[in-house]
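Every number in this note's numbering is 42 more than the matching position in the sequence shown, counting from 1.
Ideal placement from N, C-alpha and C gives every residue a C-beta, glycine not left out.
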Amino acid sequence: MSVLNLLEFQERFSTVRACEERLFQLRWPDGFVCPKCGSKEYCEVACSSRKDAEERLPLFQCKVCSKQTSVTAGTIFHKTKTDLRKWFLTVYLAANDKRGVAATTIARNLGVSYPTAWNMLRKVRKAMADRNAMYQLEGIVQIDDAYFGGESHGEGKRGRGSDQAPVVVAVQMERGKPKYITMALVPNLTKEAVAPVLSERLKPNCIWETDGSKTLVACAKELQQASHIVTKSSAPCLRLDYLSSLSAS
Ligand SMILES: [Zn+2]
43 MSVLNLLEFQ
53 ERFSTVRACE
63 ERLFQLRWPD
73 GFVCPKCGSK
83 EYCEVACSSR
93 KDAEERLPLF
103 QCKVCSKQTS
113 VTAGTIFHKT
123 KTDLRKWFLT
133 VYLAANDKRG
143 VAATTIARNL
153 GVSYPTAWNM
163 LRKVRKAMAD
173 RNAMYQLEGI
183 VQIDDAYFGG
193 ESHGEGKRGR
203 GSDQAPVVVA
213 VQMERGKPKY
223 ITMALVPNLT
233 KEAVAPVLSE
243 RLKPNCIWET
253 DGSKTLVACA
263 KELQQASHIV
273 TKSSAPCLRL
283 DYLSSLSAS
């Protein structure tokens with residue numbers, strides 16, 4: 043969706059029906075599948091009790107288990123009272139404003155209350171984060187454990203201060219360039235805290251590139267990591283100033 047500019051986006055999703063049809067495509071690219079029993083046999087049930095029934099997709103009733111499913115059931119849009127077009131715009135704005143769109147901006151521009159805007163943004167961001175969490179990096183992955191949020195220091199490993207947030211950063215490289223990045227806040231930079239994050243977000247057959255920090259070496263051992271290249275210093279693309287320019291671009 044993010045390849046469309048705002049005007050194109052609004053034209054494409056100018057009706058609730060258009061939003062629902064897009065949701066249908068995203069959820070069931072190969073046709074409806076019953077979420078309860080997995081059957082693909084269904085019939086459509088017009089929900090005449092809804093006053094906007096004509097603008098909406100019908101309910102889908104499974105021919106095997108009779109469960110009725112709407113296109114929004116089980117999504118962040120389930121049972122919402124807010125117009126789906128406003129939700130779609132919120133997703134668009136959240137995905138396209140790297141600095142983070144404010145709830146006040148959503149409220150003002152979409153004509154919803156501040157609590158509604160805040161709640162929509164929270165759900166949209168959670169869904170986006172969950173989607174990122176589902177994606178596992180593969181191939182050559184540069185990994186660093188670092189402290190985020192403070193000044194960089196010349197001595198020793200940069201910025202290892204006490205008041206900063208410990209993070210694990212991993213970047214999937216392709217032809218020498220960063221392709222995907224994953225970051226996680228951890229309680230501390232110990233093997234116990236870092237290894238589960240790497241195990242969850244990296245495919246097991248990745249090639250690790252690290253600066254050989256004690257924690258990452260311990261993690262490699264813990265996860266029985268087969269390929270681990272240790273470079274003298276962290277790769278330039280993992281420097282935090284690089285990361286901040288990445289998120290600002
Ligand atoms: Zn079923």
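Non-local C-beta neighbours of Val239 in its own chain, meaning closer than 8 Å and more than five positions away in sequence, comprise Val210, Ala226 and Val228, ordered along the chain. In its chain, beyond the 5 residues on either side, Val166 have a beta carbon closer than 6 Å to the beta carbon of Val133.
For Ser269, no alpha helix (DSSP H) run applies; the uninterrupted beta strand (DSSP E) run containing it begins and ends at Ser269 to Val272, by DSSP. Rounded to the nearest angstrom, the gap between the Cα atoms of Ala144 and Leu126 is 19 Å. In the three-state reduction of the DSSP assignment, Trp250 falls in the strand class. Taking a contact as a CB-CB distance under 8 Å, the pair Leu179 and Leu244 counts as one, their CB atoms being some 5 Å apart.
Placement of the Cβ of Ser81 at a distance of less than 7 Å from at least one heavy atom of ligand 1 is found. Lys93: not part of any beta strand (DSSP E); DSSP gives it neither H nor E. By the Cβ neighbour-count rule, Val236 is buried, with 16 or more other Cβ atoms within 10 Å of its own. Going by DSSP, Gln178 is part of no beta strand (DSSP E) at all; its letter is neither H nor E. The shortest C-alpha to C-alpha distance from Pro208 to any of Ile223, Thr232 and Lys221 is the one to Thr232. Note that the stretch 150 to 167 does not touch the stretch 59 to 68; fewer than 3 beta-carbon pairs, one per stretch, sit closer than 8 Å. Going by DSSP, Glu216 is part of the beta strand (DSSP E) stretching over Ala207 to Glu216. Within the DSSP secondary-structure output, Met225 pairs in a beta bridge with Val211.
Collapsing the DSSP output to three states places Asp186 in a strand. Secondary structure note for Gln67: its alpha helix (DSSP H) is the uninterrupted segment Val58 to Arg69. For Glu234 and Asp187, the gap between their C-alpha atoms comes out near 13 Å. Annotation for Cys107: Cys76, Lys78, Cys79 and Ser81 place their beta carbon closer than 8 Å to its own, counting only its chain and skipping 5 residues before and after.
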